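>
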Amino acid sequence: MTPSLPRLVAVTVRRVWLPALFVPPLVAGVLAWLVVRELVMPDYATNEWLGVAIPAVTVLVAFLRAWTSGAPFFLWLTGLAANFLTREIHFEGTSTTVYIGLGVLLLVAWRWYGRLEPYLASRLVTTLLTCTFLTYTMAITLDQGWWKFIPYEPIFDTPVEESLEVLGHLFLLAVCFVPTRTDRFTEERNAAAQPRA
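For the sequence shown, position 179 matches number 212 in our numbering, and the numbering has no gaps at all.
(1) By the DSSP assignment, the alpha helix (DSSP H) with T160 in it spans what residues?
(2) Let me know the secondary structure DSSP gives R40 once reduced to three states.
(3) Measure how close the beta-carbons of V49 and T130 come, nearest whole angstrom, since I'm counting them as under 8 Å.
(4) Give the C-beta separation of M171 and P88 to the nearest angstrom, bearing in mind that I take them to be a contact with Cβ-Cβ under 8 Å.
(5) Determine the contact status of I188 and V60, defining contact as a CB-CB distance below 7 Å.
(6) Apply the 10 Å Cβ neighbour rule to F204 and answer buried if 16 or more other Cβ atoms are within range, or exposed otherwise.
(7) With three or more C-beta pairs closer than 8 Å as the rule, is the stretch 134-142 touching the stretch 90-101?
(8) Between the stretch 116-128 and the stretch 140-154, can you find at least three pairs of beta-carbon atoms closer than 8 Å?
Printed below as a string of structure tokens:
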């Protein structure tokens, strides 16, 4: 059964481990301070490479989890990772299509909630996905110049934005490794461990 959108948002907010939401702004703040003080300068080429490599690995791992577990959640996660990967490869027109793809994937998650709920009900999965979206939102708004009111923003905007994208990719990759009781492999292993009568 598909819950109403307001109810789904309310349930999701209650599932998120709120202290984790401080991680992306804290990382951004500390990194910005280190860049302004010239203590650290993240390498742009490395961040660009990681920005493609991590989502590509996420697509592969999520697809393998979908194949081995039979869980629709990992098929959905494969689509989400592929959506972010296309943006990182910088195809012509991907800036717009990534938002359309994200909207479609969120609509699918809402309509398929009954199928995805075994994973979306996990506090860890919900927290990691929320941190992913928060981190990407921070990176995109930094890239679009929403934070120009912060002193020294021109100095740290590109290194922090690229590093936040990498952090967001890592949050999404971490979702691939969250175990749940609904995996076919886990169910088979648990069934094999049961004593026989």
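We put the CB at the ideal spot given by N, CA and C, even for glycine.
Here the structure is a predicted model, which is why all the values come from computation and not from measurement.
Let me lay it out:
(1) Unbroken alpha helix (DSSP H) run through T160: R156 to D176.
(2) helix
(3) Their Cβ separation, rounded to whole angstroms, is 28 Å, which puts V49 and T130 out of contact at 8 Å.
(4) That pair is no contact at about 17 Å.
(5) no
(6) buried
(7) no
(8) no
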